[in-house]
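Just below is one structure, and these are the notes that go with it.
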Amino acid sequence: MADDMHGDHARPVTPPKSPRVRMSAAQRREQLIVIGRQLFAERGFDATSIEEVAARAKVSKPVVYEHFGGKEGLYAVVIDREVRALLDRITTALTAGHPRELLEQAALALLDYIEEETHGFRVLTRESPLLTAAGSFSSVMNDVAHQVEHILGAEFKSRGYDPKLAELYSQALVGMVALVGRWWLEVRKPRKEVVAAHLVNLSWNGLSNLDAKPTLITRPGK
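So the sequence shown is numbered by the working numbering: it starts at -7 and just counts up by one.
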């Protein structure tokens, strides 16, 4: 009897197996987009393979092909999502009435995106043979520049400057913020509020003291 009781206590207890939860098609697609976004950010388009996407998702390659038709399809979805996310973030941030405040909001919105969505920003700024005029970081910056152009156009007109030059200045301002953002992504100092303050300092004080008809010192009359 004692032996039987001893045997009962010694017998290992096997915990019940928890049922494996299957993802829905929508959940699987979202998982693959997140994994693809991370890999494209880390390695770029060319160095990323469908095999690795599938391996990280713990699915077979045909599952990835079923959802996106291939690496190009997955990449296009990732890029489209990031373009819309960044543009929406910057557009939503532009709520102020004063041009200087608008410059601050635009600069901070871009720096916030870089800090919070680093993988997305890296994907957008990496070169790829598949990027089109409608789906790239430069296209997002062009869209933002067009919004800035309208703001500057009204400001130029009120100050007696040629409003046709607003497009040139808007491209210059947005390009400056974008390039500084790419630099800041790697160094992460000073903190983003300081970076934004200096960007606005340079751009706003420059705009506030514009010559109506600037000329070159090195090539006068040109």
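C-beta atoms are modelled at their ideal positions from N, C-alpha and C, and glycine is treated no differently.
Everything numeric in this text was worked out from a predicted model, so none of it was measured.
- For Glu109, no alpha helix (DSSP H) run applies, since DSSP gives it neither H nor E.
- Nearest neighbour of Glu185 by Cα position, chosen from Asn201, Gln163, Glu96, Gln23, turns out to be Glu96.
- Between Ile143 and Glu58, the alpha-carbon positions lie close to 46 Å from each other.
- The alpha-carbon separation between Gln139 and Leu160 amounts to approximately 13 Å.
- The DSSP-derived three-state label of Val51 is coil.
- Val56 is the residue among Val56, Ala33, Glu34 whose C-alpha sits nearest the C-alpha of Glu43.
- In summary, Val187 is buried, with 16 or more beta-carbon neighbours lying within 10 Å of its beta-carbon over all protein chains present.
- Rounded to the nearest whole angstrom, the CA to CA distance from Lys63 to Val45 is 9 Å.
- Contact between the region 97 to 114 and the region 170 to 180 is present, with at least three C-beta pairs closer than 8 Å.
- No residue range can be given for Asn201, since it is assigned to no alpha helix (DSSP H) and is classified by DSSP as neither H nor E.
- Taking a cut-off of 8 Å for Cβ pairs, the region 109 to 118 and the region 22 to 42 touch, as three or more such pairs fall below it.
- Beta-carbon to beta-carbon, Gln163 and Ala137 are separated by about 5 Å, close enough to satisfy the 8 Å threshold.
- Under a 10 Å Cβ-count criterion, Thr40 is classified as buried, with 16 or more other Cβ atoms of the shown protein chains found around its own Cβ.
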